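Step one of this worksheet: look at the structure below.
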Amino acid sequence: MAPTIKDVRAIMPNYAAYKNWHRNGKILGIAVHHSATANRLTGAPIGDAATFFNYHVNTRGWTHGGYNYVITAGGQIEYALDDKISAYHAGFKDPDNSERLEYGQYWNNHYLAICLAGWFTDNRTYQDESGRARRIPNNHTRPGPAQMSALIELIQYLRKKYDIPVEN
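Each residue of the sequence shown is one higher than the one before, starting from 1418 at the first, in the numbering used here.
Given below as structure tokens:
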């Protein structure tokens, strides 16, 4: 049975520019990311597909966002970028390193990208307006039960839909 998925593709920024694109390869696997976004006072996960796509398109200058699916802290699965379109989820900082860039494009072309809203590492910091490092409380450093349940359901659904082996 398919999980409950909210289709938000048509309301993502710049949707008309890429809605008819197609990925350059068969879907072979699934990559799971976290957004590295947290409330600075509580450490709680923040953000949704619109938040992340707005940042990717309007701040980073990308054509579209970096994930096919986003799972909010409350466990809502958002379908943000059509599966047939490669997400920009595996990039490298040095665009002149063609070997690493090619490796990243392999992941983009052949893997669906799922993003969990939240910042799931310990000892998180951010820079305040004066440039000083500030700590974010070590709360919510792991996905919550609703988010994990949604992730498991989505992965099982996508594995079946695209015949993806468990190791991918």
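Even glycine gets a Cβ: it sits at the ideal position worked out from N, Cα and C.
All values reported here derive from a predicted model rather than from experimental measurement.
_If you measure between the beta carbons of I1502 and R1576, is that distance less than 8 Å?_
no
*On the three-state DSSP scale, how would you describe R1576?*
helix
_Considering just the uninterrupted stretch of the beta strand (DSSP E) at A1550, what are its terminal residues?_
A1550 to R1552
*Nearest-angstrom beta carbon gap, C1532 and H1451 [assumed within contact, 8 Å]*: Yes, H1451 and C1532 are in contact; Cβ-Cβ is about 7 Å, under 8 Å.
*Spatial neighbours of A1534 in its chain, beta-carbon cut-off 7 Å, leaving aside the 5 residues before and after*: Excluding sequence neighbours, A1534 sits near S1452, T1454, P1462, I1463, G1464, D1465, V1487, I1488, T1489 and A1490.
*Name the two residues that bound the continuous alpha helix (DSSP H) containing Y1435.*
Y1432 to Y1435
*Kindly indicate if chain E contains any beta-carbon less than 8 Å away from that of T1542.*
The chain inventory of the structure shown lacks chain E, comprising one protein chain alone.
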